[in-house]
Structures are given as C-alpha cells and as structure tokens.
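Here the working numbering is used: the first residue of the sequence shown is 4, the next is one more, and so on. Each residue gets a CB set at the ideal place from its N, CA and C atoms; glycine is no exception.
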Amino acid sequence: MDEHVRNPRLKVTVRIDDRLESSRIEVHGVVTAANIRALYVVCRRVTTKLPSHEIVIDLTHARVSAAAIEELRERARLSLLSSGIDASETPCRLRIVDPPALLKTKEHV
C-alpha cells in the first residue's frame, strides 16, 4: 500500500474572495474518513468568522476515498457542517469541487 494512503496528511490553503462572499479551501493530500475531521475543523473556523460565506472545498489536487467524498457530498446536500470535534453541527453553504479520481483502496479507520 502507498505510504501516503497509510499515513494520510492534508495541506489546506484558505482563500477568501475580495468581496467577502465565499471562501475556497484548496486541499492537497489524501482525504479519508479517518482524517476528514481535520477538514471540518478548518471549515468550522471559516464559518465561525464569516458565517454568511459559501465554503468551496476544492479537491482537484487531492486524492479522496469514496467514503470521504460521499460524506462531504451529504454535508453539502444537508447544508450542515460537522464540528469535527463533537456531535454538533453548524448550518453552512457548502460546495464540493470533486477530485479528478477517487482512491481505490480499503480504508483503515
């Protein structure tokens, strides 16, 4: 198994548009069901500081597991963001930019 899949790390860049209407979170690395909480923490921080923003999670430079993309799509559909820390949820406008391909590996949670 690829070292990056066994030990997934995320690098994110947050870009706030100059009209303060949306924030783009560019994700690099491997997103899995095991590390998706870290992405939620970043999103929650943006939502807390800029509550009316649309958050765009850009996965075009990431490798993403099927379970993680399904979870993100469901969060976008529900317009609810998990805290990443506890069971609380925050209303948000969330849009997902899909990765070019999904990981074809079993996840170890």
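Using CA coordinates, which residue listed in the options is at the minimum distance from residue i?
i: VAL67; options: ARG18, LYS14, ASP21 and ALA104; result: ALA104
i: GLU74; options: ARG48, HIS64 and ASP101; result: ASP101
i: VAL30; options: TYR43, VAL49 and ALA65; result: ALA65
i: SER25; options: ILE60, GLU77 and ARG12; result: ILE60
i: SER91; options: LYS14, TYR43 and ARG12; result: TYR43
Would you call the CB atoms of residue i and residue j closer than 8 Å?
i: ARG27; j: ARG40; result: no
i: VAL45; j: LEU62; result: no
i: ARG98; j: ALA70; result: no
i: ILE58; j: ARG22; result: no
i: ARG47; j: THR93; result: yes
Evaluate residue i with the Cβ neighbour count: other Cβ atoms within 10 Å of its Cβ, from every protein chain shown; 16 or more gives buried, anything less gives exposed.
i: THR16; result: exposed
i: ILE88; result: exposed
Closer than 8 Å, CB to CB, is residue i near chain C or not?
i: ARG47; result: The chain labelled as chain C is not found in the depicted structure, where only one protein chain is given.
Should the stretch 47-57 be called in touch with the stretch 76-83, which here means at least 3 C-beta pairs below 8 Å? Result no; under three Cβ-Cβ pairs closer than 8 Å.
Suppose only complete runs of 4+ residues qualify. What are the alpha helix (DSSP H) ranges in the stretch 15-76, listed by chain order? The qualifying runs are 39-52.
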